[in-house]
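Residue numbers (the working numbering), protein chains in the order written: chain A, -2 to 331; chain B, 641 to 941.
Here is the structure:
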């Protein structure tokens, strides 16, 4: 196996405001390798974005952040780095596609110069070369007539075009990891498919790693090699996309998948929701965070935090944090 | 409203000013108009804490009385200017069209001239025979109000116009909400939020304007104690008895600076700030204790 381009280990992120303390990420570990697409799925507030962008120093201002654990990229630990070191690292190591391209691009500046600025800053190109580079980036992301679009303002482009420009912007500094934070949420269905196809194409061509943060299971099945299911800041299950989506083990993963409507089934069974609500993460409590909503929970679930263990279906990568299921399947652990 | 983490010490002059203004009669040791020709231009003493002026009047009592004069005038002017400004500005913004054009023209003309100049001109007009029924004090308040509302009208209109374009206004209209409901319920809170913040910083400028008018002999007439008046009185003795100028000057400066800081604190209050220092340390300690408790439970299980 190759060395991971981004490896997070035992990451704990606490957010403090004057009124509440939130354990947004509670001991999560994951790594991503070159050329791989890792999808991180979970409900709103499960810590997907905080876990991925937190170590990069991209959390909103106005909250006090306490981060522990390690997040290594390029042989260095991001958690221990200062904001200025992170800033130098970001563009070159990580590119980020945000959810809403309209607000991520400066409305007062033309699109092209915003791209060229990135290219100049990180690749040290001359003004003329940077312009050429920006136009070729626009062309690469499938924007028709890129030389003309270079001089357009963000409001002159449609949402899909803007998201393409946003992707071009993320690629301008030639990152090794592309983080897509719900890249298709603000787009309509046909454009969503195009954007996903574009991300996949770029990944194939450049061999970069992609982290896809999403709650769109469809997008996961299209794009992802590996999937991490996050619940209340803890990883419930991880494995290859095919394993997790077709043979889910953790009750939460099963519930999550059951709540996605399947229009192909002839007799619609409807969707099933998971009873209850996600826990508020203001307290650190022992035991499985999902236990109170879980149909197969046992008293022991409340006592001990489950650890990720191999499911034992032949794939070493497929791991779940549910001793109840794993024991029932007769998987021998200890 | 909370004041965030701004040090309260900075705001103490503004708070002290308001408290002194309210409780002035209790704090004054002498009648502010009482002259004592046996004790002219004295330094601080047990009976006259800040000394006496050229007529033997007690400086401490006059400073306190001046605070009350300024506070009352300021509150009247600010309240009246705020109401007039918000009403005119909101009407302009909400109705639009010709009405808006006409009202904006008036506002622009008012803003083209410094407020103090307008107030001075109005004081000149009010000194005519038709206005003898008004005391100088109320003339000053009226003149300042008429000179002061335009900025509030301008801000109110701007907020109303921008809020009217928000989708939730459209949604309220779709629901069948009346104009009054939309304005009072959805727009007015935004207007007041901005205007009140501005007013809190503006209070200092107003105290200064009141003092300026009195300094020029157009505002509060003697023997009512007033800081601007005291500055004029002290001017003649500035070489021998500088404290006569320094004391009211310091009072004025402290109040103006303090109200500006108050306004700034209100404005910054809207920006969320990360907690730090001892509060953050306490929260982290609580969290660490929770972690430790969990570790113990899980080790025992």
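Cβ atoms here follow ideal geometry from the backbone N, Cα and C, with glycine treated the same way.
Collapsed DSSP secondary structure at residue i in the structure displayed
i	result
residue 235(A)	strand
residue 282(A)	coil
residue 139(A)	coil
residue 71(A)	coil
residue 685(B)	coil
residue 175(A)	strand
residue 149(A)	coil
residue 61(A)	strand
residue 307(A)	strand
residue 204(A)	coil
residue 961(B)	The requested residue 961(B) is not part of the displayed model; chain B covers only 641 to 941.
residue 641(B)	Low confidence applies to residue 641(B): its pLDDT is 40, below 50, so where it sits in the model is not reliable, and the reading given next is rough at best. Here residue 641(B) sits in coil by DSSP.
residue 755(B)	helix
residue 33(A)	coil
residue 26(A)	strand
residue 915(B)	coil
residue 804(B)	helix
residue 797(B)	helix
residue 270(A)	coil
residue 224(A)	strand
residue 324(A)	helix
residue 66(A)	strand
residue 211(A)	strand
residue 18(A)	strand
Burial state of residue i, where buried means 16 or more other Cβ atoms lie within 10 Å
i	result
residue 229(A)	buried
residue 638(B)	Limits of chain B in this structure are 641 at one end and 941 at the other, which puts residue 638(B) out of reach.
residue 187(A)	exposed
residue 741(B)	exposed
residue 771(B)	exposed
residue 39(A)	buried
residue 201(A)	exposed
residue 199(A)	buried
residue 72(A)	exposed
residue 811(B)	exposed
residue 104(A)	exposed
residue 940(B)	exposed
residue 178(A)	buried
residue 821(B)	exposed
residue 774(B)	exposed
residue 813(B)	exposed
Test item: CB-CB of residue i and residue j under 8 Å
i	j	result
residue 692(B)	residue 681(B)	yes
residue 818(B)	residue 730(B)	no
residue 860(B)	residue 788(B)	no
residue 115(A)	residue 166(A)	yes
residue 99(A)	residue 53(A)	no
residue 725(B)	residue 798(B)	no
residue 905(B)	residue 651(B)	yes
residue 739(B)	residue 702(B)	no
residue 22(A)	residue 2(A)	no
residue 211(A)	residue 219(A)	no
residue 60(A)	residue 27(A)	no
residue 112(A)	residue 131(A)	yes
residue 312(A)	residue 236(A)	yes
residue 268(A)	residue 257(A)	yes
residue 930(B)	residue 301(A)	no
residue 278(A)	residue 20(A)	yes
Same chain only: Cβ atoms within 8 Å of residue i, ignoring 5 sequence neighbours per side
i	result
residue 896(B)	844, 845, 847 and 848
residue 678(B)	696
residue 923(B)	915
residue 192(A)	157, 160, 161, 164, 180, 181 and 184
residue 227(A)	25, 37, 38, 39, 43, 44, 45, 48 and 233
Neighbouring residues, chain A, relative to residue i (Cβ below 9 Å)
i	result
residue 926(B)	18
residue 934(B)	281, 282, 283, 284 and 302
residue 938(B)	283, 284, 300, 301 and 302
Contacts that residue i makes with chain A (C-beta to C-beta distance below 8 Å)
i	result
residue 594(B)	One cannot answer for residue 594(B) here, as it falls past the ends of chain B, which runs 641 to 941.
Contact set for residue i: own chain, Cβ-Cβ below 6 Å, skip 5 residues either direction
i	result
residue 317(A)	234, 246, 247 and 308
residue 643(B)	Per-residue confidence for residue 643(B) stands at a pLDDT of 47, beneath the threshold of 50, marking its modelled position as unreliable; the derived number appears in the next sentence. Around residue 643(B): 905.
residue 207(A)	34, 175 and 200
Cβ shell of residue i (< 7 Å), same chain only, five flanking positions each side left out
i	result
residue 783(B)	759, 762, 763 and 766
residue 830(B)	799 and 803
Within chain B, the residues that residue i reaches when beta carbons sit closer than 8 Å
i	result
residue 63(A)	924 and 927
Per-residue contacts from residue i into chain A (C-beta, under 7 Å)
i	result
residue 930(B)	280 and 281
Proximal chain B residues relative to residue i, where beta-carbon distance stays under 7 Å
i	result
residue 11(A)	927
residue 60(A)	914
Checklist line | Residues, ordered as in the chain, of the region 278 to 297 of chain A that lie near chain D by beta-carbon distance below 9 Å | finding: The structure shown contains no chain D; the protein chains it does contain are A and B.
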